[in-house]
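Colleague: Encoded as structure tokens, here's the structure I'll be asking about.
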Amino acid sequence: MPAGAPWGARLLFGLAGILAALSAVLAAVTSADALTWVQAASAIAYLGVGLLGLLFASESPRNPAAWVLLAASVGTAVLAVEPAVAGLVAGPGQLSLAVLDSLAGAALFGLFTLGVLLFPDGHGYGRLGRVLVPIAVAGLTLLTIGGFGSHRVVASASWAGGTVEAASTALLLSGFAIIVPLTALAAVTTTQRRRAAAGATRRALRLLEAAAWINTLATLACAAVSVLVKLPDWFGAVADQTGIVFAVAAWIGIARHRLIDLRAALAHTLPYLLASALVFGIAAVAAALLGTLVGGWFGVGVGAVVAALVSLLLRDQLQALANLAVYRQRVDPVAAHAQQLERALRDSHELLVTARDEERRRIRRDLHDGLGPTLAGLVLGVENVERHLDDPARTRAELARLHEVGKGAVQDVRRIVYALRPPLLDSLGLAGAIREQADRLGAASVDIPDLPELPETMEIGVYLIALEAMKNAATHARPGTFRVRLGAAERLRLEVRDDGPGLPSGYTPGIGIGSMRDRAAELGGTLDIRTLRPRGTLVLAEWALGG
């Protein structure tokens with residue numbers, strides 16, 4: 084089931100599936116009449132309503148429409164199982180069935196009222212809907228209480244008496260007096276929402292509007308017939324199928340018109356549904372065909388175990404079928420993209436670690452091979468001066484030499500610090516620093532429009548790449564001919580082009596170009612060097628923006 088679905092939604096949908104399968108198995112075992120088979124088929128068909136609720140709950144657990152749809156699915160399954168189970172329980176169990184029966188009936192009427200009002204997001208039902216929702220809740224509460232009191236178990240109990248029956252009948256009629264006109268008003272709100280919508284949403288709501296009015300006509304027909312004659316059992320069972328019409332309209336609105344994008348949740352749910360259908364189907368066939376051969380219910384159990392094992396073996400194939408149905412390809416594009424991002428993140432982390440280690444080695448090399456010997460030479464020079472203080476001329480010459488060595492040490496420190504974070508970036512920013520260096524190196528033009536705010540590491544990397552590319556262009560092209568452009572649209576794009584001789588045949592990248600490529604890759608970008616026609620070279624670096 085969807086990974087984001089709350090446990091309560093999973094429990095309700097699983098309960099609806101188990102009860103629907105049980106109703107089919109009981110119908111097969113008991114050689115049920117046509118009405119029982121219709122109720123069992125309705126329970127299975129209403130799993131489509133429950134699946135909608137499950138997907139909505141996985142998308143937004145606080146969406147009340149999700150719970151109304153799930154309750155309707157469970158309610159239909161309870162009504163299908165209850166007649167067959169009623170003869171198997173006695174005493175307190177009969178009262179429990181009466182409670183479940185009344186709740187199930189109210190849940191089914193809730194689909195025709197609250198389900199229409201709240202679908203699909205739970206809050207788009209307009210001003211009239213905000214008034215009708217609490218009225219619908221009150222009407223469904225009256226139906227639940229009145230239905231329990233009017234249930235055959237309660238009505239025939241010795242403790243109930245005529246008062247309970249009369250009060251329950253009054254509550255039941257009051258509930259119907261609210262719910263019946265409310266189905267029409269709910270359809271009116273759907274019409275209002277459809278008129279206020281546009282595009283694909285309007286087309287999707289047109290289907291839901293038709294389903295809502297069909298629900299209304301069925302409810303009004305039941306009410307009218309019940310006033311004239313005793314309502315036949317089959318009439319109510321047929322009227323309940325309008326909920327399936329509502330579910331079909333909702334599924335078309337989602338699948339065709341993208342009323343709500345639930346493809347990811349559906350792709351993760353379908354394999355479980357296919358596996359469940361496989362288990363239930365083999366169990367039902369075993370009950371109908373093999374019961375006499377392998378001992379009744381034992382045959383059902385054997386069939387269910389075999390089906391469960393088969394579904395486990397076919398898990399990957401079932402997921403591929405689900406992906407084909409939802410995405411029209413065997414691989415889930417969301418999962419594939421996640422794997423690509425994971426690989427890219429892992430590669431980026433490895434590059435960062437490598438770059439950090441390389442930077443540490445460079446600093447250590449600079450300190451050990453450059454600044455270290457220089458400072459050691461200063462110490463030796465000072466000691467030499469101390470030994471020859473009696474010779475002023477020699478002392479002055481040695482101090483002058485040490486002064487130059489000290490100036491070189493200062494330059495080394497500046498160079499090391501500059502490599503960590505160029506000072507021009509702090510004083511001028513990225514655009515100003517590139518313009519400053521381009522002017523110093525003799526660029527023909529510099530085009531840098533307004534740039535978005537960039538991370539510090541990206542500013543440093545882009546600046547150093549641009550500086551290296553401009554130095555190469557100034558060295559190999561005619562003076563004052565290279566051009567620099569840095570812009571940001573969907574991607575950050577750096578271009579440095581010159582009119583030099585281009586890349587020679589058999590060209591092998593040197594340390595500078597290798598360093599540029601490494602810096603671009605460290606930042607998740609690319610760097611390409613191309614020979615232009617008739618002459619010239621283009622250095623092109625690009626990075627994605629916004630994560």
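Residue 527 in my numbering sits at position 444 of the sequence shown, with consecutive numbering throughout.
Note that the Cβ used here is the ideal one computed from N, Cα and C, for glycine as well.
Mapping DSSP to helix, strand and coil, what is TRP626?
Modeller: strand
Colleague: Going by DSSP, what residue range makes up the beta strand (DSSP E) through SER528?
Modeller: Judged by DSSP secondary structure, SER528 falls within the beta strand (DSSP E) whose first and last residues are 528 to 530.
Colleague: Between the alpha carbons of THR375 and VAL132, how many angstroms are there, rounded?
Modeller: For THR375, the predicted structure reports a pLDDT of 48, less than 50, and the residue's modelled location is therefore unreliable. A value from the coordinates is still provided. In a straight line, the C-alpha of THR375 is about 35 angstroms away from that of VAL132.
Colleague: Reducing DSSP to helix, strand and coil, say where PHE259 ends up.
Modeller: helix
Colleague: So the beta strand (DSSP E) ALA88 belongs to, where does it begin and stop?
Modeller: Boundaries for ALA88: no beta strand (DSSP E) harbours it, and the DSSP string shows neither H nor E there.
Colleague: Could you spell out where the alpha helix (DSSP H) holding GLU539 opens and where it closes?
Modeller: Per DSSP, GLU539 belongs to the alpha helix (DSSP H) from 539 to 559.
Colleague: Answer with buried or exposed for GLY378, where buried requires no fewer than 16 other C-beta atoms within 10 angstroms of its C-beta.
Modeller: For GLY378, the predicted structure reports a pLDDT of 48, less than 50, and the residue's modelled location is therefore unreliable. A value from the coordinates is still provided. Burial call: exposed.
Colleague: If LEU577 sits next to ALA624, beta carbons under 8 angstroms apart, how far is it from one beta carbon to the other, in whole angstroms?
Modeller: 4 angstroms
Colleague: Going along the chain, which unbroken runs of the alpha helix (DSSP H) with 4 or more residues stay wholly within the segment 414 to 492?
Modeller: Within the segment 414 to 492, the complete alpha helix (DSSP H) runs of at least 4 residues are 416 to 448, 455 to 470.
Colleague: ARG479: which of ARG286, VAL157, GLY464, THR274 sits nearest, CA to CA?
Modeller: Ranking ARG286, VAL157, GLY464, THR274 by Cα distance to ARG479 puts GLY464 first.
Colleague: Residue range of the beta strand (DSSP E) that LEU610 falls in?
Modeller: 609 to 614 is the span of the beta strand (DSSP E), which, as asked, contains LEU610.
Colleague: Which stretch, first to last residue, makes up the beta strand (DSSP E) that contains GLU578?
Modeller: 574 to 581
Colleague: Got a sec? Which residues, its chain only, sit under 6 angstroms from VAL247 by beta carbon, not counting five neighbours each side?
Modeller: GLY232
Colleague: Please look up how many angstroms separate the CB atoms of ALA221 and ILE261, rounded, as I've assumed it's under 8 angstroms.
Modeller: 7 angstroms
Colleague: Identify every residue that forms a DSSP beta bridge with ALA571.
Modeller: LEU575
Colleague: Which residues in the same chain as ALA526 place their Cβ atom closer than 6 angstroms to its Cβ, once the five residues preceding and following it in sequence are excluded?
Modeller: PHE565, VAL567
Colleague: What is the C-beta distance between PHE329 and ALA294, in whole angstroms, given that I count them as a contact (C-beta under 8 angstroms)?
Modeller: Separation of the CB atoms of PHE329 and ALA294 is rounded to 4 angstroms, and the pair is thereby assigned contact status at 8 angstroms.
Colleague: Which word fits ILE337, buried or exposed, when buried means at least 16 other C-beta atoms lie within 10 angstroms of its C-beta?
Modeller: buried
Colleague: Could you name the residues that DSSP lists as bridge partners for ARG498?
Modeller: Beta-bridge pairing links ARG498 to no other residue.
Colleague: Look at the Cβ atom of GLY212, then the Cβ atom of THR284, and state whether they are nearer than 7 angstroms.
Modeller: By the CB criterion at 7 angstroms, GLY212 and THR284 fall outside the cutoff.
Colleague: Within its chain, find whatever has a CB closer than 6 angstroms to the CB of GLY188; leave out the 5 residues flanking it on each side and keep chain order.
Modeller: GLY230
Colleague: Where does SER631 land, buried or exposed, given buried means 16+ other C-beta within 10 angstroms?
Modeller: Since the first residue shown for the chain is 84 and the last is 630, residue 631 is missing from the structure and cannot be characterised.
Colleague: At what residues does the alpha helix (DSSP H) containing THR636 begin and finish?
Modeller: No statement about residue 636 is possible, as the shown extent of the chain runs from 84 to 630 and does not include it.
Colleague: Report the option in LEU537, PRO264, LEU197, GLY583 whose CA atom is closest to the CA atom of THR558.
Modeller: GLY583
Colleague: Could you please give the first and the last residue of the uninterrupted alpha helix (DSSP H) stretch that includes THR119?
Modeller: 117 to 128
Colleague: For the alpha helix (DSSP H) containing LEU508, name the first residue and the last one.
Modeller: Counting along the chain, the alpha helix (DSSP H) containing LEU508 begins and ends at 506 to 524.
Colleague: By how many angstroms is the C-alpha of VAL331 removed from the C-alpha of ALA633?
Modeller: As displayed, the chain neither begins before 84 nor continues past 630, which places residue 633 out of reach and without an answer.
Colleague: Using only the alpha-carbon positions, how far apart do ARG439 and SER528 sit?
Modeller: 34 angstroms
Colleague: Give me the Cα-Cα distance between ILE137 and ARG145, rounded to the nearest whole angstrom.
Modeller: Per the sequence presented here, residue 137 reads as Leu, with Ile not at that position. When rounded, the distance between both Cα atoms is 12 angstroms.
Colleague: Enumerate in chain order the residues of its own chain whose CB-to-CB distance from LEU95 is below 6 angstroms, with the five nearest sequence positions on each side excluded.
Modeller: LEU153, VAL157
Colleague: Within a Cβ cutoff of 6 angstroms, which residues of the same chain sit near GLU275, ignoring the five residues on either side of it in sequence?
Modeller: As written in the sequence, residue 275 is Gln, which differs from the Glu given in the question. Closer than 6 angstroms at Cβ, skipping near neighbours: GLY209.
Colleague: Mapping DSSP to helix, strand and coil, what is THR227?
Modeller: helix
Colleague: Report the partner residues of LEU401 according to the DSSP bridge assignment.
Modeller: None; LEU401 has no bridge partner.
Colleague: Can you pull the DSSP bridge partners for ARG566?
Modeller: According to DSSP, which records beta bridges pairwise, ARG566 is partnered with SER528, ARG580.
Colleague: Classify VAL436: buried if its beta carbon has 16 or more other beta carbons within 10 angstroms, exposed otherwise.
Modeller: Exposed.
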